[in-house]
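For the numbering used here, count along the sequence shown from 1 and bump the result up by 40.
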Amino acid sequence: MSHDVHIRPMKFGNDSLAALRKSNPVNVYTGLFIRSITALNEVNMEFKAQFKFFQSWTDERLRFPGVACSDLRQVRLTMIFSCVMDLVKYPMDVQTCFIDFASYAYTTDDIVYVWNDSPIDVAKEATSVLANMVIKSFKNDSCTSKTNTGEYSCLRIVLQFQRVFSFFLLQLYVPSSLLVTISWVSYWIDWRASAARVPLSIITLLTMITQSHVLSANLPPVSYAKAFDVWIDGCVLLIFASLIEYAIVNFMGVQEERQKQNATVSKPAESCLPPVWEQRRTDRESEAIAMTDPYHEEV
């Protein structure tokens with residue numbers, strides 16, 4: 041008996057092309073063990089996974105009386121998969137990615153992929169190398185598609201990745217909150233101390249902008265606003281408000297001082313002499329009037 045691995049399995053003895061077309065399709069039982077996910081790139085919207093891929097099927101051409109034999113193929117693969125991400129809620133988002141396996145040349149008339157009893161397994165340390173992502177859930181699904189050339193069997197793995205909030209708490213929320221708080225310290229500094237108030241607000245504003253640029257470098261340019269952008273813009277606005285507050289307070293303070301100076305100039309000059317000297321000066325003025333005015337009578 042001849043065995044050609046390039047011809048799909050069929051009933052024993054039917055090796056003709058007509059029998060091949062009339063025979064039932066081969067069920068290929070599939071399983072997957074994800075060893076690790078070493079990279080998840082938001083800029084390119086892709087992730088890299090290493091896994092073991094299992095396929096088993098029954099080939100009756102290899103049947104021997106009293107012996108149960110099934111073909112088993114196992115490969116270890118490292119592949120990069122595309123993952124379209126929705127970053128509206130970033131960094132509190134959950135991303136759903138897919139791993140699809142489909143027949144390239146054979147339709148469902150020849151091959152049908154079926155999940156085995158234990159279709160998917162994920163190692164506990166699969167996402168240990170990722171800094172800010174963990175696998176939230178995973179499940180198996182089907183993605184069989186129809187085209188002009190026929191129907192092609194397809195299996196799908198659905199992976200949900202969730203970001204680690206503690207990572208962004210230390211890298212984003214705590215530093216930005218501290219910068220806003222520091223900028224508000226200028227509210228308690230005397231408005232005349234411009235050398236202390238203005239640099240404090242400007243330095244915190246520049247630091248906030250620099251931090252936003254560093255964190256945005258790991259994100260793709262998208263046409264919509266992210267939760268990350270709203271938070272950063274809100275912090276920048278609060279810091280900028282401290283500069284506006286100083287400008288208003290400084291303007292009002294200068295205006296008030298000018299009004300006081302104008303009021304002081306308009307009043308007659310008051311004597312700064314002590315009371316005793318002031319009394320002596322009054323007496324001398326009275327004597328001088330008496331000597332120059334003959335009609336002056338003393339009281």
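Every residue, glycine too, gets a C-beta built ideally from N, C-alpha and C.
By the neighbour-count definition (other C-beta atoms within 10 Å, threshold 16), M125 is a buried residue. Counting every other CB atom within 10 Å of its CB across the protein chains shown gives I120 a total below 16, marking it as exposed.
Straight-line spacing of the CA atoms in S182 and V169 works out to 29 Å.
W97 sits away from V134, with the two beta carbons spaced by 8 Å or more. For Y264, the secondary structure class from DSSP, reduced to helix, strand or coil, is coil. The way I'd put it, the segment 209 to 227 does touch the segment 278 to 298; three or more beta-carbon pairs between them come closer than 8 Å. At the C-beta level, Y130 and A265 stay beyond 8 Å of one another. In the DSSP annotation of this structure, the continuous segment of the alpha helix (DSSP H) that includes Q251 starts and ends at 234 to 256.
Annotation: F178 to Y213 spans about 29 Å, alpha carbon to alpha carbon.
If you compare the alpha carbons of W228, M292, S122 with that of A89, the shortest gap goes to S122. If the five residues before and after C194 are omitted, its C-beta is found closer than 8 Å to the C-beta atoms of D140, F141, A142, S143, Y153, S182, C183, T184, S185, all from its own chain and listed in chain order. Only residues of its own chain outside the window of five on either side were considered, and among them F87, L170, M173, F201 have a CB closer than 7 Å to the CB of L80, listed in chain order. For the set A166, I175, E191, the Cα lying nearest the Cα of V198 is the one of I175. In terms of CA proximity to F94, L117 leads the group L117, E100, W271, T78. Within the model, the alpha-carbon separation for Q114 versus W271 is close to 48 Å. Under the 10 Å beta carbon count, M292 is surrounded by fewer than 16 other beta carbons and is classified as exposed. Nearest to T167 by C-alpha distance, out of F91, T244, N188, L127, is F91. At least 8 Å separates the beta-carbon of L209 from that of L127. For Y69, the closest of R298, D157, A233 by C-alpha to C-alpha distance is D157. Here I160 is buried: its Cβ has 16 or more other Cβ atoms, across all protein chains shown, within 10 Å. Using a 10 angstroms sphere on the CB of T244, the tally of other CB atoms reaches 16 or more, which defines it as buried.
Listed in chain order, the non-local C-beta contacts of P215 below 8 Å within the same chain comprise Q251, local neighbours out to five positions each way being set aside.
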